[in-house]
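Trainee: One structure follows; several queries about it will come next.
Residue numbers (the numbering used here): 1013 to 2145.
Written as structure tokens, this is what we have:
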């Protein structure tokens, strides 16, 4: 709903446009400068940007025209009524035509009719009306023009006058004299209209002269295309488009094997908005998309511009092979055949893949003519800048140039510049601001800057389950085969999920049809690697039949015949994958020894490599290539790397194998080779090597090596090596890697046919308390995967209940995507974890309603990441707890902004034990009133920035009856002596361990600090801990105590004699803070430096008895007594 402020601005804008009447109707490219100068003047007066003024006016004009066409009743006091008044004023003005100097006719001094001889039958631009014939009804009345039209006519008149004068210049003899004089004759029609006629003086004509233009036709002939001309050109455009999009090519089939798009097309699922923002490999997103798609708002492809009348630019995202281009082609084909979008007059396809090949400078008009030569006949460029014209920019991810919106853009379609500037200007709306624009792209190529210029975002989600089945029935004529193939695909979760991608459905149909036609049922593929191995075999078989006319049953012989070509193509795939390149030129092919014109090469590459078949490539005389799908490129790259390894030819892949900290092992074993590859993939931020590593592990399997036997020199298989490789995947303990990268390790195990982790995790889920005592990181990755993509939504996901390491808990975080309540309290979550939680809030049909992130050191940076999820329209979160997360004023302002930007469902927000400050609290309080959300602050939140956990400070004192005999103390400092001190015998005293406990028993929340020197072990213990044992009495070495063992370079967290290594923070000091939440079951340790707490470790569990602070001393420890801060005024901070 428009605000009063918006209405006032629009009213002022209409008043200003009234002073610039030529803005009422869109001008053409020749009047652009005049038009834009007027917008600058208007914008300066209104204090707004000229682009905003122009856009608002355009929207007002569209609304007014629409109201007129539909016969809508206009309210007297509305903005449209003001528009109606303006246009009525314009009509009255045109009835009194203006002369070129801007004077009204009543103010002009009439001139006497010229006495010069003139052909009164006709003249250029107007039909001549004599004084004697003004009253004759048969004479056509002159067309009235506005001031802007008069200026245009004068411009044309002067231009033609000069050209004719130059052609017939000179005097005397038979040389013709001047044709037009410098002055013009002004005649007035009987209705007051001004006639602009050229004056002919001193003319000597040696041949007949005929002026053929009739009155009112000059402008139409010069600037406007007649209906028949436009229809003829449009017919050529449609035929060209129909030829280009009318057939679907799966893989890279020959023209004879192309299938009609209307026959093969299977509807794909398109949704409004986007499902996720997590930066990950596209294959890793398939599970999420497949799970989320049964619900959500679906959009028909032909209604892409009909969701909102104000939509100009639509962005459609989707993974490679998901069907974006096919949808675009079906959209165009339906328009060409008159089945849909009949209100669109012109539709032009501008593929990024082709236009990015153009070098040099083009104007937008010449660019269109370069792509569509038939458009050169169009005289009126205004047809392009119309809401009835659609430009389709397909494949942004395939562009070779970057869209830089900071560059100086162009607004004149005749101004030459580079292609990237033209396209950027088109997207931003500087060019063709009235035309509709549709952009398609893979998610990775879409930048945040681009989003700012998009009106509607849609996403192609691929096939849902019914559409998958429909595809196989449409593609396979044999119904029994189609049902059999789809039945097998459903039996394999991996294959069934991958068929979410239409292009993978084609690969699966190709493989299974081939196997069924030959009765080969023994080795039906169940993994991705085996599927792609068979696909490669089929391509080799087709090439052999094409070149030799017969079928070769021997697989090894078949592959040997094509070995050289396959290796070259695999080398191309490997090199381009490392460069993260998806399209390449003939030069790239030649670099790998590939001659595209070689019959053998063209045979084996028929459905692996493809060249863009459109006419644009032939126009540019260049060819660009790409693999028909990214997964095929990754499979061939993995095969090439494995071939180099097994052939002991490591030079081509040495750049890939190079490690920062150590040299490549010699000799390089399969275990080390795969470990290096895994580490490379884990280092990738967007996971572009995930599927490559997955295929690499799959190819290492003996069964797949035998399938590719004709390409590999030998088969390397050793059960002990395989056991070690599987063990490495399970034990991968690297820190600071995303959960998605870790989950890919679980997929690597699946490619090696190892189901042990899945079975163990299933046992854990089935057992009441879990069949696995401690979950490894591999277990956690598998568990997260199984929970995340389970068909059932969990009611509660409590991260604390899983007995695993901190790294293991981080790997479990993605499971929040499938629960309604997530408890992630005190789990050392980082920014990467916040990314995952934000993604869960943004996902389509997000089930998350309650989220507890308390006691995590998120800081403002983590909260800002979380806010991206809170802003999403998909977010339905009702309760959010951020207690003790280090949130300051900056984080509070981000929360307030996020919750106000969307109609938030949030009812409760806990910000206790944080430091919002006066401004942060005020921002949230203001939001609280609007959103009706209950927000919890501390009563003394103003001084929390200085106090922190010290709010729970407690006084602890040494219990002398527990201290070892070598310990002595004074003023809370405990030292170690070389010999025993005289102490009375006491059953509570530690006999062998240099330890002591404090007197205070703790059952609530408590915080204390200690300074240590040398090695020290600091923790808590039950009173029942053993006192006379050796190692079994040490803190952390039994089930009755928890401790953090402190060294200069690291810390050791211990419980039940199990140890976790923790590196010392950069701000390392000899002071340690301990926070106990007995009821919450957490014990946290912090490094204290300059008053700043750096979290080190948190134990999670259930405490059954009161706890006593305890210490083991090697040199000395000092019990510090932090004072609870007094309350300060807000002005003191």
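Where is the CB? At the ideal position from N, CA and C, for every residue including glycine.
Can the beta-carbon of residue 1560 be found closer than 9 angstroms to that of residue 1574?
Mentor: no
Trainee: Measuring straight from C-alpha to C-alpha, what distance separates residue 1439 and residue 1602?
Mentor: 36 angstroms
Trainee: Buried or exposed: where does residue 1586 fall if 16 or more other Cβ atoms within 10 Å of its Cβ makes it buried?
Mentor: By the neighbour-count rule (16 or more Cβ atoms within 10 Å), residue 1586 is buried.
Trainee: Please report the distance separating the alpha-carbon of residue 1625 from that of residue 1410.
Mentor: In this prediction, residue 1625 has a pLDDT of 47, which is less than 50 and means its spatial position is unreliable; nothing more can be read from the coordinates.
Trainee: The beta strand (DSSP E) with residue 2110 in it runs from where to where?
Mentor: 2104-2112
Trainee: In angstroms, rounded to a whole number, what distance separates the CA positions of residue 1972 and residue 1990?
Mentor: Between residue 1972 and residue 1990, the C-alpha separation is close to 18 angstroms.
Trainee: Specify whether the stretch 1419-1435 and the stretch 1473-1486 touch according to this definition: at least 3 beta carbon pairs, one from each stretch, less than 8 angstroms apart.
Mentor: no
Trainee: Should residue 1088 be labelled buried (16 or more other beta-carbon atoms within 10 Å of its own) or exposed?
Mentor: exposed
Trainee: For residue 1052, does the count of other Cβ atoms within 10 angstroms reach 16, so buried, or fall short, so exposed?
Mentor: exposed
Trainee: By alpha-carbon positions, which one of 2046, 2058 and 2050 ends up nearest to residue 2028?
Mentor: The candidate whose alpha carbon is nearest that of residue 2028 is 2058.
Trainee: Can you tell me whether residue 1509 is helix, strand or coil according to DSSP?
Mentor: helix
Trainee: So which of 1510, 1897, 2113 and 1507 has the shortest CA-CA distance to residue 1924?
Mentor: 1897
Trainee: Could you tell me the distance, in whole angstroms, from the CA atom of residue 1888 to the CA atom of residue 1524?
Mentor: When rounded, the distance between both Cα atoms is 43 angstroms.
Trainee: If I measure Cβ to Cβ from residue 1793 and keep anything under 7 angstroms in the same chain, skipping five residues before and after, which residues do I get?
Mentor: 1754, 1755, 1757, 1758 and 1823
Trainee: Please state whether DSSP places residue 2085 in a helix, a strand or coil.
Mentor: strand
Trainee: Could you check how far apart the C-beta atoms of residue 1326 and residue 1467 are, in whole angstroms? I think they sit under 8 angstroms.
Mentor: 7 angstroms
Trainee: Our contact map puts residue 2069 next to residue 2049 with C-beta atoms below 8 angstroms; I'd like the distance itself, whole angstroms only.
Mentor: 5 angstroms
Trainee: State buried or exposed for residue 1766, treating a residue as buried only when at least 16 other CB atoms are found within 10 Å of its CB.
Mentor: buried
Trainee: Out of 2039, 1099, 1835 and 1821, state which residue places its alpha-carbon closest to the alpha-carbon of residue 1806.
Mentor: 1835
Trainee: Residue 2150 lies in the beta strand (DSSP E); which residues open and close that run?
Mentor: One cannot answer for residue 2150 here, as it falls past the ends of the chain, which runs 1013 to 2145.
Trainee: What is the C-beta distance between residue 1329 and residue 1469, in whole angstroms, given that I count them as a contact (C-beta under 8 angstroms)?
Mentor: 7 angstroms
Trainee: Compare the C-beta of residue 1522 against all C-beta atoms of chain C and say whether one is closer than 9 angstroms.
Mentor: In the displayed structure, chain C is absent; only one protein chain is listed.
Trainee: Indicate whether residue 1979 and residue 2006 have their beta-carbon atoms separated by less than 9 angstroms.
Mentor: yes
Trainee: Which residues bound the beta strand (DSSP E) around residue 2057?
Mentor: Its beta strand (DSSP E) spans residues 2053-2058.
Trainee: Measuring CB to CB, does residue 2108 end up less than 9 angstroms from residue 2063?
Mentor: yes
Trainee: When the Cα of residue 1249 is compared with those of 1347, 1310 and 1259, which residue comes out closest?
Mentor: 1347
Trainee: What does residue 2129 pair with, by DSSP beta-bridge criteria?
Mentor: As DSSP reads the structure, residue 2129 sits in a beta bridge with 1986 and 2024.
Trainee: Candidates 1786, 1414, 1427 and 2099: which alpha carbon is nearest residue 1374's?
Mentor: 1427
Trainee: Quick one: any contact between the stretch 1926-1942 and the stretch 1991-2004, if contact means 3 or more CB pairs under 8 angstroms?
Mentor: no
Trainee: Report the rounded CA-to-CA distance for residue 1489 versus residue 1521, giving the unit in angstroms.
Mentor: 11 angstroms
Trainee: Where do the N-terminal and C-terminal ends of the beta strand (DSSP E) with residue 1469 fall, by residue?
Mentor: 1468-1474
Trainee: To which residues of the same chain is residue 1023 closer than 8 angstroms at the C-beta, ignoring the five residues directly before and after it?
Mentor: 1091 and 1094
Trainee: For the beta strand (DSSP E) that residue 1450 lies in, which residues bound it at each end?
Mentor: 1448-1453
Trainee: Count the other CB atoms within 10 Å of the CB of residue 1425; is the residue buried (16 or more) or exposed (fewer)?
Mentor: buried
Trainee: Looking only at its own chain, which residues have a Cβ that is under 7 angstroms from the Cβ of residue 1709, when we skip the five neighbours before and after it?
Mentor: 1686, 1760, 1763 and 1764
Trainee: For residue 1712, count neighbouring Cβ atoms within 10 angstroms of its own Cβ and tell me buried if that reaches 16, exposed if not.
Mentor: buried
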